[in-house]
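J.: Structure below; questions to follow.
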Ligand SMILES: NC(=O)c1ccc[n+]([C@@H]2O[C@H](COP(=O)([O-])OP(=O)(O)OC[C@H]3O[C@@H](n4cnc5c(N)ncnc54)[C@H](O)[C@@H]3O)[C@@H](O)[C@H]2O)c1
């Protein structure tokens, strides 16, 4: 797994460890302080390499040493605002990083499945008001979204040029999801981490773009999609290609809705105000059509938005109260698995 120290990577490392999988991690750093990675003690479970995905020789060496059966590529420069400040770093990490990982896979025998994680922002968003389907054109207004569109094009070229023509070649799927929420996220300029930083510090929170509609979902929803995708790819090379993992239509809600729900649930005072300053361009509307994942993978979001918000608020409240965050996170994974079986 690349990006095993990040927000998604930490949840997935724990989940895979609980399942008994042997996971090796490749990341450049632990991106935040605090982090779920440190709080949950993931270093003890995962042999790891501190490697830059921009360095092909180093990535290839790590992949060759780990000899993985399944590669989950999640390392990225994952922030829109930072992509405005440093577009080159964003493209180098997200585009050449994807090339380097796929090239390492291509030149290492034994890899059977690759799940490439991009974003719901990989689509060329003309704000036409309809949900994106997997074969819609890729694009992106800002360097981050655009780099994810490019990473999709890179994956498509590797699939068509190298992997699909080889009957024993790796089976490559791309997962597109976004606007994930959950405990253990301290990402800069992300809504829930911003709210929780304010809540934990007792400081008022500044909210940007309150009317922007996003397909919010708990992080375990897309992670369960990536795992189902890996399983299907293992069985069926025909599953290669792009897959959307978005919530039910009713869970695409404005920023203001999420803020109001979190404020209502937080066991303490939480004050917010609208930041009317200048902000980089962000699409007003982004919706995903995930019927392919629902029909062909049997994937459904295990938690609806309300349950996802509830779990997220409980996670940060437990942190505030000094709980064992490994135990809290493991318990939420179990809760999610039970809910998924019912969904
Ligand atoms: N969190 C979200 O809301 C969201 C939404 C859509 C897509 N995604 C995508 O999901 C993936 C994981 O996102 P996240 O939220 O966990 O991100 P994160 O910022 O929490 O973690 C990023 C991870 O990538 C690693 N990384 C960054 N640059 C690297 C480099 N040059 N070389 C090696 N490793 C590097 C970091 O060390 C870390 O492990 C990314 O591809 C991101 O674009 C995330």
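In the numbering used here, the protein residues as written are 1341 to 1683. Glycine is no exception: its CB is placed at the ideal position from the N, C-alpha and C atoms. All values reported here derive from a predicted model rather than from experimental measurement.
1) Given residue 1438, which residues of its chain have a CB within under 6 angstroms of its CB, disregarding the five upstream and five downstream residues?
2) Which of helix, strand or coil does DSSP assign to residue 1553?
3) When the distance is taken between beta carbons, is residue 1536 closer than 8 angstroms to residue 1377?
4) Figure out for me which residue from 1503, 1638, 1544, 1613 has the closest Cα to the Cα of residue 1577.
5) Whether or not the region 1464–1476 and the region 1424–1441 are in contact is what I'm after, with contact meaning three or more pairs of Cβ atoms, one per stretch, closer than 8 angstroms; do they touch?
6) Evaluate the contact criterion for the region 1456–1463 versus the region 1473–1486: three or more CB pairs, one atom per stretch, below 8 angstroms.
7) Run through the region 1522–1585 for me and flag every whole alpha helix (DSSP H) of 4 or more residues, listed as ranges in chain order.
8) Would a C-beta distance cut-off of 8 angstroms place residue 1544 and residue 1599 closer than the cut-off?
9) Are residue 1592 and residue 1560 close, meaning C-beta to C-beta below 8 angstroms?
10) Whole-angstrom Cβ separation of residue 1350 and residue 1524, contact assumed at under 8 angstroms?
11) Taking just the CA atoms, how far does residue 1410 sit from residue 1638?
12) Would you kindly check if the distance between the Cβ of residue 1563 and the Cβ of residue 1355 is under 8 angstroms?
13) Flag this pair as touching only if the region 1570–1590 and the region 1445–1459 have three or more C-beta atom pairs under 8 angstroms; answer yes or no.
14) Does ligand 1 have a heavy atom nearer than 7 angstroms to the CB of residue 1344?
15) Taking a contact to mean a Cβ-Cβ separation below 8 angstroms, would you say residue 1660 touches residue 1531 in this structure?
16) Name the DSSP bridge partner or partners of residue 1613?
17) Distance check for residue 1380 and residue 1669, CA to CA, integer angstroms please.
18) Ligand 1 heavy atoms versus the CB of residue 1348: any closer than 7 angstroms?
19) Does residue 1654 come out as helix, strand or coil in the three-state DSSP assignment?
20) If you draw a straight line from the alpha carbon of residue 1602 to that of residue 1441, how long is it in whole angstroms?
21) On the DSSP bridge list, what partners appear for residue 1630?
22) Give every residue of the same chain whose Cβ lies closer than 6 angstroms to the Cβ of residue 1448, excluding the five residues on either side of it in the sequence, and list them in chain order.
23) Can you tell me the Cα-Cα spacing of residue 1555 and residue 1496, whole angstroms?
24) Would the beta-carbon of residue 1520 be found less than 7 angstroms away from any heavy atom of ligand 1?
25) Taking buried to mean at least 16 other C-beta atoms within 10 Å of its own C-beta, is residue 1500 buried or exposed?
26) Can you tell me the Cα-Cα spacing of residue 1368 and residue 1607, whole angstroms?
27) Output yes or no for whether 8 angstroms exceeds the beta carbon distance between residue 1341 and residue 1412.
28) Taking residue 1642 and residue 1679 to be in contact with their CB atoms under 8 angstroms, please state how far apart those CB atoms are, rounded to whole angstroms.
29) Sort 1650, 1640, 1635, 1427 by Cα distance to residue 1682 and report the nearest one.
30) What's the gap between the Cα of residue 1489 and the Cα of residue 1609?
31) List the DSSP bridge partners of residue 1388.
32) How many Å lie between residue 1385 and residue 1366 at the Cα?
33) What are the complete beta strand (DSSP E) segments, minimum 3 residues, inside the region 1420–1508?
34) I'd like to confirm something about residue 1392: is its beta-carbon nearer than 7 angstroms to some heavy atom of ligand 1, or not?
35) Using the rule of at least 16 other Cβ atoms within 10 Å of the residue's Cβ for burial, across every protein chain shown, is residue 1557 buried or exposed?
36) Would you identify the three-state DSSP class for residue 1393, choosing helix, strand or coil?
T.: Quick answer:
1) 1491, 1494
2) Correct three-state label for residue 1553: strand.
3) no
4) 1503
5) Too few Cβ pairs lie closer than 8 angstroms, so no.
6) yes
7) 1531–1541, 1560–1575
8) no
9) no
10) 6 angstroms
11) 20 angstroms
12) yes
13) yes
14) yes
15) no
16) 1546
17) 8 angstroms
18) yes
19) helix
20) 38 angstroms
21) Looking at the DSSP output, residue 1630 bridges to nothing.
22) Within the same chain, residue 1448 has close Cβ partners 1403, 1404.
23) Linking residue 1555 to residue 1496 through their CA atoms gives a straight-line distance of about 25 angstroms.
24) yes
25) exposed
26) 36 angstroms
27) yes
28) 5 angstroms
29) 1640
30) 40 angstroms
31) Residue pairing of residue 1388 in beta bridges, as defined by DSSP: 1365.
32) 13 angstroms
33) 1453–1457
34) yes
35) By the Cβ neighbour-count rule, residue 1557 is buried, with 16 or more other Cβ atoms within 10 Å of its own.
36) coil
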